[in-house]
Ligand SMILES: [Zn+2]
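Residue numbers (our numbering): 5 to 161.
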């Protein structure tokens, strides 16, 4: 919109602002295109609560947990299927470990689902609370997996 370009030019008149794409100083820019990188520039209303970092850290923590659990469960299930006809059957501990992995995977998947569902509630939290909750999730997922891993090692030995 021409009006928006006018606002942008008045905003940048005599003001040092870096291009959000390439960092070029846009002071006294005419028009709405960065002369350095050619990106379209626009004035926007935004909030520091929209920074994606903390949410991504929390989501990635759950995703890493789920990925680890899934891979470990598959690696454990393959020999169960391959050797199912051998006498005696696998020891009970193998099923305990598998159950633990599936439980952890379900909890991690549930965490990812909850974070997707509650994304707008997350955005309403102050940035500091977002960062704290992300750190709690990161450490919590890590500790839960470490504890589950220790339990599995205890069962298997
Ligand atoms: Zn640029």
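Glycine included, every Cβ here is placed at the ideal spot set by N, Cα and C. Note that this is a predicted model, so its numbers are computed, not measured.
Sort out for me which residues DSSP pairs residue 177 with in a bridge.
-> Residue numbering for the chain in the displayed model covers 5 to 161; residue 177 lies beyond these limits and cannot be assessed.
What do you reckon, are the CB atoms on residue 16 and residue 33 nearer than 8 Å?
-> Locating residue 16 in the chain shown gives position 12, counting from the first residue. Locating residue 33 in the chain shown gives position 29, counting from the first residue. It is a contact, given that the beta carbons lie within the stated cut-off.
How many Å lie between residue 76 and residue 102 at the Cα?
-> In the chain shown, counting from the first residue as 1, residue 76 sits at position 72. In the chain shown, counting from the first residue as 1, residue 102 sits at position 98. Cα to Cα, the separation comes out at about 9 Å.
Residue 141 lies in the alpha helix (DSSP H); which residues open and close that run?
-> As a position in the chain shown, residue 141 is number 137, starting the count at 1. For residue 141, the enclosing alpha helix (DSSP H) has its first and last residue at 131–160.
Look at the alpha carbon of residue 162 and the alpha carbon of residue 106, and state the distance between them as a whole number of angstroms.
-> Only positions 5 to 161 of the chain appear in this structure, which leaves residue 162 out of reach.
Ignore the nearest five residues each way along the sequence and tell me which others in residue 165's own chain have a CB closer than 7 Å to its CB.
-> Only positions 5 to 161 of the chain appear in the structure, and residue 165 is not among them; the question remains open.
Give me the Cα-Cα distance between residue 10 and residue 74, rounded to the nearest whole angstrom.
-> On the chain shown, position 6 is the one that residue 10 refers to. On the chain shown, position 70 is the one that residue 74 refers to. Cα-Cα distance, rounded: 54 Å.
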